[in-house]
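Sequences listed follow chains D and F, in order. The working numbering puts the first residue of the first sequence at 1, with every later residue one more than the last. The working numbering puts the first residue of the second sequence at 1, with every later residue one more than the last. We put the beta carbon where it would ideally sit given N, CA and C, even for glycine.
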Amino acid sequence: MIIRKISHFLCNYENIVPLFAGACALLFLAGILMQPLSYEQNQLYPKTIDRNSSLDPYDRGGPPFTMVAIHSQYPENSPSAGLVTTYLTPFSQFLADTTMHLGTTIVAHPGGIIDEILYNTRGLDTVVEPTILLIAFAIASYLYRKVG
Amino acid sequence: MINLIGGVPLYVLEFGDELVYLTPYTITLFLLALTFTVLVLISRPEKQVDIAFGGDAYRTKEISVSEMRFRRFMAIACGLATMGAMVTGDIFNFTLFTAMVGITNVGIVAAVKSPHVQDAAYQYGLVSLSATIPLFGGAAVYAATTGSLSMIELMKGTLPAVPLIAKGMLMLGVIGEGMAPFYAAKAEMFRAPGAPYVIMCSLSSLLIFLRVVEVVMLG
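So this is what it looks like as structure tokens:
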């Protein structure tokens with residue numbers, strides 16, 4: 001009988017969102033109760049903060065094409081990884097030279113999001129992430145043309 | 001420690017930091033996704049027929065070619081994302097592919113002219129959207145507590161143990177993409193005409209779930 005009631009509740013798709021929200025809340029509560037989680041100091045992708053840099057907190061360090069400031073899990077697989085992560089577009093370079101706030105706007109100008117992913121030079125992520133954006137824009141534009 | 005479900009990797013494709021590895025388990029899942037994607041690519045979609053019980057009345061639902069093309073595009077994108085999730089050896093890539101499957105599933109039924117299907121797709125979209133929080137959060141906890149995102153490294157057992165909460169978050173994120181008990185919205189989306197495209201919604205979630213079971217066994 002109780003299973004029937006649960007099934008009846010679950011079969012209404014309008015109950016799914018609150019149910020999922022409840023499940024997330026429970027899980028996050030369990031996460032808080034399970035604190036502290038130990039932070040592994042030996043991080044593959046460490047991040048340092050330099051408050052004097054105009055690119056803070058996204059300063060990759062080093063001049064492009066000459067110095068590699070990042071770590072790789074398997075450096076032998078991609079010897080040239082990291083050589084271009086410090087490259088800025090001329091506009092970004094201008095902002096970096098004239099203000100101290102480029103790091104805070106890095107996701108707010110074209111190339112910013114992709115740039116941040118390139119920070120760790122994790123190749124396929126760079127492809128998959130814009131693909132998700134492409135799919136989302138394809139759906140939105142299709143619906144706009146058909147329905148709008 | 002080699003994970004129990006997947007078995008020993010038979011082949012590792014060295015692709016930067018994001019290795020692709022094949023075990024008997026992942027090969028099976030990959031081939032299933034590939035077969036169905038090819039089926040979607042070459043098959044002609046069905047036309048739904050509504051029959052009124054107790055009478056002779058029936059009508060065929062007309063679906064425009066452009067709509068079908070778009071849905072086929074979405075179904076193929078969904079198949080490719082599923083294939084990627086099956087073979088990837090990286091936790092963050094896995095979460096990305098899973099998020100992509102969620103978006104393409106909405107896309108498959110996005111243009112269906114049925115308010116019921118649209119309502120269900122909207123609800124599914126909301127859950128799928130919010131599922132990305134535990135999904136990516138889980139990957140972040142993986143990175144913070146082990147220091148790496150590579151499944152091969154997790155498999156070796158040299159890294160610190162992955163906390164249960166990270167596995168739970170990853171699992172909840174995948175379950176939010178349409179597994180039980182959050183399947184109702186996805187089940188209603190199946191009322192949309194146009195098999196085999198709509199079947200892709202179900203198959204992709206199933207395969208992703210089978211893969212995440214293997215992933216949480218690592219480390």
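DSSP places F/Y21 within a strand segment (E or B) once states are collapsed to three.
Using a CB distance cut-off of 9 Å, F/L41 does not count as an interface residue toward chain D. Contact check for F/G107 and F/E177: beta-carbon distance about 14 Å, past the 8 Å limit, so the pair fails to qualify. One thing to note: F/S204 has its Cβ within 9 Å of the Cβ of F/T104. Contacts with chain F at 9 Å (Cβ-Cβ) include D/A21. The three-state secondary structure of D/T99, taken from DSSP, is coil.
Exclusion of the five residues before and after F/P134 leaves M169, L172 and G173 as the residues of its chain whose Cβ lies within less than 6 Å of its Cβ. Taken through DSSP and simplified to helix, strand or coil, D/T66 comes out as coil. Within the segment 88-103 of chain F, those residues whose Cβ lies closer than 7 Å to any Cβ of chain D are, in chain order, F92, N93, L96, F97, A99, M100 and I103. F/T158: not part of any alpha helix (DSSP H); DSSP gives it neither H nor E. Nearest to F/F36 by alpha-carbon distance, out of F/G79, F/M86, F/L149 and F/A180, is F/G79.
In this structure, D/Y13 is the residue among D/L26, D/M100 and D/Y13 with its C-alpha nearest to the C-alpha of F/D119. Apart from the 5 residues on each side of it in sequence, D/I2 has no Cβ closer than 7 Å to any other Cβ in its chain.
In this structure, F/F97 places its C-beta atom within 9 Å of the C-beta atom of F/A81.
F/A195 and F/V127 have their alpha carbons spaced roughly 23 Å apart.
Within the same chain, A166 come within 6 Å of F/V141 by CB-CB distance, once the 5 residues on both sides are set aside. DSSP, reduced to helix, strand and coil, places F/R59 within a strand of the structure shown. DSSP places F/L13 in the uninterrupted beta strand (DSSP E) bounded by Y11 to L13. Residue environment: F/K156 is assigned as exposed (fewer than 16 neighbouring CB atoms within 10 Å of its CB, all protein chains considered).
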